[in-house]
Amino acid sequence: SSAGNPTPPNVIRPEDKQNFTKLLAEYRRQMGWNRDLTAFLPADPVQVDRGFEVAKVFTYLTFGTLQGYDYHGAWDAPANQQSALRVPKGDPAEFEFSSEVTVNAWLRRGAPRSKAVLGVPF
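All residue numbers for the sequence shown refer to this note's numbering, where the first residue is 8 and numbers rise by one.
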């Protein structure tokens, strides 16, 4: 935790990527295929690469909701857009985030279009 964030940081282990896939497989084994199994999935392509076997994960999910907001916030030094569809011109961020970046990252890694749902703020 830090002064601005009282929540302790996540513990991330190298095997978590495969363990998440195994967890979904076990849910499916116990639930069967007649129930929906969904997941809320991160926007950051770096987190996708570190934490998800994308094609395998989507074989178990009915659909996955891709985070379409919180691309920037109070944790960023310059003010910036929070949920842009595309990266705006003049974006001051070090890394580009937008709904377009998020969706394309998941699709390029094997998420089927028919199961990728964009979560939007309102």
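Glycine included, each C-beta is placed from N, C-alpha and C at the ideal position.
For clarity, every value in this text was computed on a predicted model and none was experimentally measured.
Handout entry: Test item: CB-CB of Ser-90 and Gly-71 under 8 Å
Key = no
Exercise for the section: Would you list the residues sitting across from Asn-75 in a DSSP beta bridge? Expected result: Sequence check: residue 75 is Gly here, not Asn. Bridge partners of Gly-75: none, in fact.
Problem - For Asp-77 and Pro-128, the rounded distance between their alpha carbons - result: 9 Å
Handout entry: C-alpha gap between Glu-22 and Leu-44, whole angstroms
Key = 22 Å
Problem - Best match in Asp-56, Trp-82, Thr-66, Thr-69 for proximity to Arg-115 [C-alpha to C-alpha] - result: Asp-56
Handout entry: Run of the beta strand (DSSP E) containing Phe-47, from where it starts to where it stops
Key = 45-48
Problem - Own chain, CB closer than 8 Å to Glu-107, minus 5 neighbours either side, in chain order - result: Leu-92, Arg-93, Val-94
Exercise for the section: Answer with buried or exposed for Phe-65, where buried requires no fewer than 16 other C-beta atoms within 10 angstroms of its C-beta. Expected result: buried
Problem - Pro-139 to Thr-69 span [Cα, whole Å] - result: Residue 139 is absent from the structure shown; the chain starts at 8 and stops at 129.
Handout entry: Per DSSP, the bridge partner or partners of Ala-123
Key = Gly-71
Problem - Distance between Arg-35 and Lys-29 (C-alpha atoms, nearest Å) - result: 10 Å
Practice task
Given a cut-off of 8 Å, decide if Glu-60 and Gln-37 are closer than it, judged by their beta-carbon atoms.
Solution key: no
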